[in-house]
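Sequential numbering from 248 applies to the sequence shown in my numbering. For glycine and all other residues, C-beta sits at the position ideal for the given N, C-alpha and C. Keep in mind it's a predicted model, so treat the numbers as computed, not measured. Here is the structure we will look at, set down as structure tokens.
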Amino acid sequence: TGDAFVDDSHLGVTSSHQDDPAYSMEDNIRLHELQVVEDITKLAQHYERLLWSTGGALNIQKCSWNLISWIWKNGRASLATISQAPAELKLTSGKSSTKQTVPRLQPSATYRTLGVFISGDGNQKRSKEILRGHSATFAGQIGPATINQATAFYAFQLYLSPKLGYALPVSSFTSQESA
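Put into structure tokens, the structure is as follows:
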């Protein structure tokens, strides 16, 4: 599947590997990981070729990817780090036939997309920091300003509301995080 908005696109795949009872759980998980990397490589390369054929281009070093895989220990799951689930995504770009490695992010790494900060593990700490920072900056600037109520309202509507208006509905802060 994919989601694209101008120059901010995201692709995702789920493993199609069928567990083989002859293999251990760890071996089956590794086969799932390899299947995901194979499928995301095909999908990403297809997207790159479509973009190139219409006059666009990917800057591979500005792209990134992450792999969500689980390590199970004593019945508890944790996300596998890059060293625990090694893999590379390599793509060609434009006229070049040389494959370039797409930078990989840890599942816990936060990145910006369409004005929202997200991470593969669902952590929204950075997003909360950014949104609170916007609010604090606005409050610090508008508080001491010698303007009337109507001007303050328009400043809120034109400056702060757009900064928060998209990010808040696509975020999922807990009640504790919102406090």
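Close Cβ partners of residue i (< 6 Å) along its chain, the five nearest in sequence each way excluded
i    : result
T442 : With the chain represented from 248 up to 426, any question about residue 442 goes unanswered, as that position is not in the structure.
Reduced DSSP category for residue i - H, G, I as helix; E, B as strand; rest coil
i    : result
Y358 : strand
F420 : coil
T384 : helix
Q347 : strand
K410 : helix
L278 : helix
V284 : helix
H257 : strand
A324 : strand
K342 : coil
Own chain, CB closer than 8 Å to residue i, minus 5 neighbours either side, in chain order
i    : result
S263 : Q282 and D286
C-alpha gap between residue i and residue j, whole angstroms
i    : j    : result
K410 : L378 : 8 Å
Q404 : E280 : 46 Å
P268 : D274 : 10 Å
Y358 : K375 : 13 Å
Q292 : K320 : 35 Å
A414 : S271 : 42 Å
A334 : A383 : 41 Å
Contacts around residue i, its chain only, beta-carbon distance under 7 Å, and the 5 residues preceding and following it disregarded
i    : result
F385 : Y406 and L407
Contact belief for residue i with residue j at Cβ below 8 Å, rounded distance in angstroms
i    : j    : result
L352 : N313 : 5 Å
Touching by the beta-carbon criterion (3+ pairs, under 8 Å), the stretch 328-339 and the stretch 359-375: no
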